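Notes for the one structure printed next.
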């Protein structure tokens, strides 16, 4: 975790500096002279984040003796793989939503996730998305009396 | 009292309200029983379902989910040694050995009874304390409120993770993201990048769904094999006494439940401590008070009673700061704010004056939820034990679909899905890198109020900090904030110098 703290602290520090010197001045007007500036609170928060990020880096620079050479990464390869897979499925669903229909996006989301998580039974892959979407239709359109899309 | 009777009339005589409360409790129980799905996920995903319900039914259902989930998390802790929520980790210490001895039914029953008693008593405490506290809160001005909000955020930031620095960063980032959108006094857009969808700021529901539910599903998807392997080790005893709680066990456990309820209620009232702290404290206190402390961890029924009573007592009492001061002390309270406002009830001291009947309806729904919890938990015990055998790979796709529907329905725009996905990434990395997403969410929720009271304070103090001398309550809370930071920093420094012990088994996230 120590190395992760240094990296995340450095990234947060850079994020804070970018916000303070570029994004906040570019994206928030200074405001009327006789009123509190709209930039004040975002600026204070970014100063706090940047200062604490520097502190996080500094306090984690030196390894403690019992930690030396015994550092497991905080994110496992399996978790990273799951993040990439689910991210790809969501990207596909957004394309389907825009170009085909919301129904196709919903079907792809469930079926795609089932496949990505290792489900290989064809009946489950076909029936589960259909059943879930049917249940949603019943719940919203029939029980609650409203449309989703 | 009069309003409470009217509240019971509203809830009990309206079958629809009662149905939705029961639905919420059942759903919550199932979500709690399934490892990886907790009350925060359940409540966040279900808020859009309540758009079309009456206020009492909607709020009753959401609180029912939170209550059901807190109780249901004992099922997987006892049967799988994998707590449905982190706060049930101490339940597993004795519950799982009991299950391995063939006494799973006994442990599940005691877990349920302790949960219901803790939950009911804590709800009564909420009803008794919130309104009187709110009367005092009405005397508090913007300067005092600003100091209290700052103190709460610092306190939560310091206690809800393993690192004070990271907790404070998370809180500050939460407040920062809350400033996105049109500024309330000058109507100047802030960090909207020209997107009209951001003029009203970032919506809480898609953000909460992304951070809590989708991010958690991805983490669970990365740990599928560990969870699916635990079911092989279960046995069921044949003796009748292995299936029921005996009179002797009741006599031993009742004082334990009373102590657990007391500890859980106190922990719930204090912002930031959370159910995990409550259940571990109660378990530790029970072990310390026992004549045979060495037997804890080998299958002591008192261990289950201690952990579950405190765990469930935290949920209702954590609403006390929300109802009395409008300050969310837990992640559930932070998410519930969106639902309360949506249904015409702004949490805070004024709600007792402006909407007494609706508040009474919510109280009555909460008490009914406790009774429903007992009925559903007892009658469905075997069914819930079967539900947890459903592999997570079949559950995650359904949850992701519900997350998308929930986020989309908030604004009827695909932009909400983008917001959800952005905060999924934030939630995933904050979980794995131990930045408290709870503090982030609470910072986001109290951010607008913090900024407003800060602006008002500057005006009231005439731009001179020395004028704080006329606001002793604000000074007290500023002093408490400084003391909290110093105390926690000192604690972290001392902990860093000590050699580390191996971590106990359980989920990594600490939920408030």
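Residue numbers (my numbering), protein chains in the order written: chain A, 1 to 149; chain B, 1 to 512. Glycine included, C-beta positions come from ideal geometry on N, C-alpha and C. Remember, it's a predicted structure, so these values are computed and weren't measured experimentally.
Per the Cβ contact rule, the region 36-45 of chain B is not in contact with the region 255-269 of chain B (fewer than 3 Cβ pairs under 8 Å). Judged by DSSP in its simplified three-state form, residue 181 of chain B adopts strand. By the criterion of a C-beta distance shorter than 6 Å, residue 42 of chain A is surrounded in its chain by 24, once the five residues flanking it on both sides are discounted. Residue range 415-432 is occupied by the alpha helix (DSSP H) that includes residue 424 of chain B. Here the alpha carbon of residue 10 of chain B sits roughly 47 Å from the alpha carbon of residue 194 of chain B. Ranked by Cα distance from residue 434 of chain B, the first of B/58, B/166 and B/472 is B/166. The three-state secondary structure of residue 90 of chain B, taken from DSSP, is helix. The region 290-298 of chain B makes no contact with the region 272-282 of chain B: fewer than 3 CB pairs, one atom from each, lie closer than 8 Å. Under the three-pair Cβ rule at 8 Å, the region 169-176 of chain B counts as touching the region 47-59 of chain A. DSSP places residue 100 of chain B within a helical segment (H, G or I) once states are collapsed to three. Rounded to the nearest whole angstrom, the CA to CA distance from residue 113 of chain A to residue 397 of chain B is 6 Å. One Cα belongs to residue 148 of chain B, the other to residue 474 of chain B, and the distance between them is close to 7 Å. Take the alpha-carbon of residue 320 of chain B and the one of residue 306 of chain B: they are about 22 Å apart. Judged by DSSP secondary structure, residue 410 of chain B falls within the alpha helix (DSSP H) whose first and last residues are 392-411. Interface with chain A (9 Å Cβ-Cβ cutoff): residue 21 of chain B is excluded.
Proximity of chain B to residue 31 of chain A at the Cβ level (cut-off 9 Å) is accounted for by 183, 185, 186 and 188, in chain order. A check of alpha carbon separations from residue 58 of chain A across A/6, A/81 and A/16 identifies A/6 as the nearest. Around the beta carbon of residue 375 of chain B, fewer than 16 other beta carbons sit within 10 angstroms, so the residue counts as exposed. The beta carbon of residue 121 of chain B lies closer than 6 Å to those of 261 in the same chain, with the five residues before and after it left out. The bridge partners DSSP lists for residue 121 of chain A come to none. The continuous alpha helix (DSSP H) containing residue 268 of chain B extends over residues 247-269. Taking the beta carbon of residue 378 of chain B as reference, no residue of chain A falls within 8 Å; the closest one sits roughly 27 Å away. Proximity of the region 413-424 of chain B to the region 132-144 of chain B falls short of the contact definition, fewer than three beta-carbon pairs being nearer than 8 Å. For residue 52 of chain A, the closest C-alpha among the options A/12, A/106, A/4 and A/2 is that of A/12.
Distance between residue 419 of chain B and residue 494 of chain B, taken at the CA atoms: about 40 Å.
Excluding the 5 residues flanking it on each side, residue 157 of chain B has same chain C-beta neighbours closer than 6 Å at 167, 168, 171 and 439, in chain order.
Under the DSSP assignment, residue 39 of chain B falls in the alpha helix (DSSP H) whose first and last residues are 39-46.
Along the region 447-469 of chain B, the positions whose C-beta sits under 9 Å from a C-beta of chain A are 447, 450, 451, 454, 455, 458 and 459, read in chain order. The region 271-303 of chain B is shown to contain whole alpha helix (DSSP H) runs of 4 or more residues at 274-289, in chain order. Under DSSP, residue 190 of chain B takes part in a beta bridge, and its partners are B/181.
Contact of residue 101 of chain A with chain B by beta-carbon distance below 9 Å is absent, the smallest such distance being about 13 Å. Counted as a single uninterrupted DSSP element, the alpha helix (DSSP H) harbouring residue 217 of chain B occupies residues 215-221. Proximity to residue 91 of chain B across B/101, B/68, B/115 and B/53 peaks at B/115, based on C-alpha coordinates. Residue 206 of chain B carries a helical assignment under DSSP once its states are collapsed to helix, strand and coil. Closer than 9 Å to the CB of residue 140 of chain A there is at least one CB belonging to chain B. With fewer than 16 other Cβ atoms from the protein chains shown falling within 10 Å of its own Cβ, residue 135 of chain B counts as exposed.
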